[in-house]
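Count the sequence shown with our numbering and you get residues 1 to 140, in order.
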Amino acid sequence: MMSPAPRAPSAADIKSLAQDVLGSIPTALRRMVADVVIRVEEFPDDDVIKEMALPSPFDLLGLYQGVSLDLKSMMNTPEQVDIILLYRRPLLDYWCESGDRLAHLVRHVLIHEIGHHFGFSDAEMEAIEADDGFEKRRNA
Numbered sequence: 001m002m003s004p005a006p007r008a009p010s011a012a013d014i015k016s017l018a019q020d021v022l023g024s025i026p027t028a029l030r031r032m033v034a035d036v037v038i039r040v041e042e043f044p045d046d047d048v049i050k051e052m053a054l055p056s057p058f059d060l061l062g063l064y065q066g067v068s069l070d071l072k073s074m075m076n077t078p079e080q081v082d083i084i085l086l087y088r089r090p091l092l093d094y095w096c097e098s099g100d101r102l103a104h105l106v107r108h109v110l111i112h113e114i115g116h117h118f119g120f121s122d123a124e125m126e127a128i129e130a131d132d133g134f135e136k137r138r139n140a
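Structure (structure tokens):
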């Protein structure tokens with residue numbers, strides 16, 4: 001008798017991986033993203049695809065929607081909650097093509113999107129992913 005085919009990770013599985021990632025980032029950084037909502041959707045919606053001129057909905061793994069902390073003001077009233085979207089199908093597609101561990105890929109995308117929340121540069125996000133960038137930036 002053949003074994004059943006492995007099932008693709010669900011949205012709940014990917015959200016669980018993202019929560020694990022949040023638990024592993026530096027405490028000071030984690031506190032600053034405590035109010036950011038993480039959602040997993042199958043694909044970017046049509047508006048995002050059009051706005052970003054994506055050739056394919058598979059071309060976007062995650063997206064930060066909100067106002068980055070460097071642009072927020074105490075005088076502003078938030079119009080919407082800050083959200084990090086992780087796109088399940090593009091993540092799974094990239095995971096299968098790359099051979100990376102899914103947890104590593106989710107961590108990479110989540111940290112990149114958290115970086116957008118802080119208004120960090122790509123270099124700063126790479127340093128954060130290497131586990132030392134937040135402390136360097138904070139102490140600069």
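All C-beta atoms in this analysis are idealised placements derived from N, C-alpha and C, irrespective of residue type, glycine included.
query, result
"Mapping the DSSP letters down to three states, classify Ile25 as helix, strand or coil.", "coil"
"With DSSP run on the structure shown, which of helix, strand or coil describes Glu42?", "coil"
"By a C-beta neighbour count over all protein chains shown, 10 Å radius and 16 as the cutoff for buried, is Pro90 buried or exposed?", "buried"
"Using alpha carbons as the reference points, say which of Val109, Leu22 and Met125 lies closest to Leu60.", "Val109"
"Who are the near neighbours of Met125 in its chain, counting only those whose CB is closer than 7 Å to its CB and skipping five residues on each side?", "Ile111, His112 and Gly115"
"For the alpha helix (DSSP H) that contains Leu110, what are its first and last residues?", "Leu102 to Phe118"
"Could you have a look at Leu61 and say whether DSSP puts it in helix, strand or coil?", "coil"
"Would you give the residue range spanned by the beta strand (DSSP E) that Leu54 belongs to?", "Where Leu54 is concerned, there is no enclosing beta strand (DSSP E), given that its DSSP letter is neither H nor E."
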